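Step one of this worksheet: look at the structure below.
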Amino acid sequence: MAKLAATPLGDSSVLAAPEYCNANFTSYFTPTFWSNPTLSLTFSGRKACYFNTGVMVIDLQRWRAGDYTTKIVEWMELQKRMRIYELGSLPPFLLVFAGNIAPVDHRWNQHGLGGDNYRGLCRDLHPGPTSLLHWSGKGKPWARLDANRPCPLDAFWAPYDLLQTSSALES
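If you use this note's numbering, the sequence shown corresponds to residues 82 to 252, in order.
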């Protein structure tokens, strides 16, 4: 974790995270957002990419100095008045930071292991070295284990499931 914490943020970035510029982050926002000229200009002039908030390095001094909590809360307050985004906590971070973050090597975020609870999809590890396993997505290992429908990679998480008995893990 010390290596992750030592990720260089450059002269001005507040946070670093793994970016995924091939992902279509625009689907996180509603037609109301995109049809409003003021709101849709939020990303103007930025090379905005999806990034995963599950693994971030934050410079807390810069965070406080830039009052970023307030900026995120303001987007959340707007969301309460008019639905401008989907999927919880990620969109406000995209609105504030997308296009202005330092990169984190993707090996720090082996994301997507949550697959899909509804269709029973499981994912494999990405090729190459991995530092952190991240069950992002709808399928959480504890839920799949409890439902007795685990994915193979859920076995990595099973030893930390305090509600499972050792006999349940062996079956």
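The beta-carbon is built from N, C-alpha and C at its ideal position, and this holds for glycine as well.
What you are looking at is a predicted structure, and each value in this text was computed from that prediction instead of being measured.
Cβ-Cβ separation, Y101 to Y149 (assumed contact under 8 Å), whole Å: Not confirmed; about 22 Å, so no contact.
Integer Cβ distance of E167 from T111, believed to fall under 8 Å: Indeed they touch by this definition, with Cβ atoms about 7 Å apart.
Delimiting residues of the alpha helix (DSSP H) encompassing A146: Unbroken alpha helix (DSSP H) run through A146: 141-146.
Beta-carbon gap between V185 and A104 smaller than 8 Å: No.
V154 and H215 closer than 8 Å at C-beta: No, Cβ-Cβ distance for V154 and H215 is not below 8 Å.
Local conformation of E100 per DSSP, three classes: Strand, per DSSP.
Where V138 falls: helix, strand or coil (DSSP): Strand, per DSSP.
Best match in W189, G126, P173, D242 for proximity to G180 [C-alpha to C-alpha]: Here the closest residue by C-alpha is G126.
Whether G196 touches C232 by CB criterion (8 Å): Going by C-beta atoms, G196 is nearer than 8 Å to C232.
Sequence-distant residues of the same chain with beta carbon closer than 6 Å to W238, five excluded per side: Excluding five sequence positions before and after W238, the CB atoms of its chain that fall closer than 6 Å to its own CB belong to P222, given in chain order.
First through last residue of the alpha helix (DSSP H) which encompasses Y149: Where Y149 is concerned, the enclosing alpha helix (DSSP H) stretches over 149-162.
Buried or exposed by the 16-neighbour rule on C-beta atoms within 10 Å, applied to S121: It is exposed - the Cβ of S121 has fewer than 16 other Cβ atoms within 10 Å.
Nearest-angstrom Cβ-Cβ length linking L194 and L234, presumed shorter than 8 Å: Yes, L194 and L234 are in contact; Cβ-Cβ is about 6 Å, under 8 Å.
Residue from R204, R230, L90, D205 whose Cα sits closest to the Cα of Q142: The shortest CA-to-CA distance from Q142 to any of R204, R230, L90, D205 is the one to L90.
DSSP-derived helix/strand/coil call for P184: It is a strand residue.
For A86, the first and last residue of its enclosing alpha helix (DSSP H): It spans 83-86 - the alpha helix (DSSP H) in which A86 sits, taken as one unbroken run.
Rounded C-alpha distance that separates R204 from V177: R204 and V177 have their alpha carbons spaced roughly 30 Å apart.
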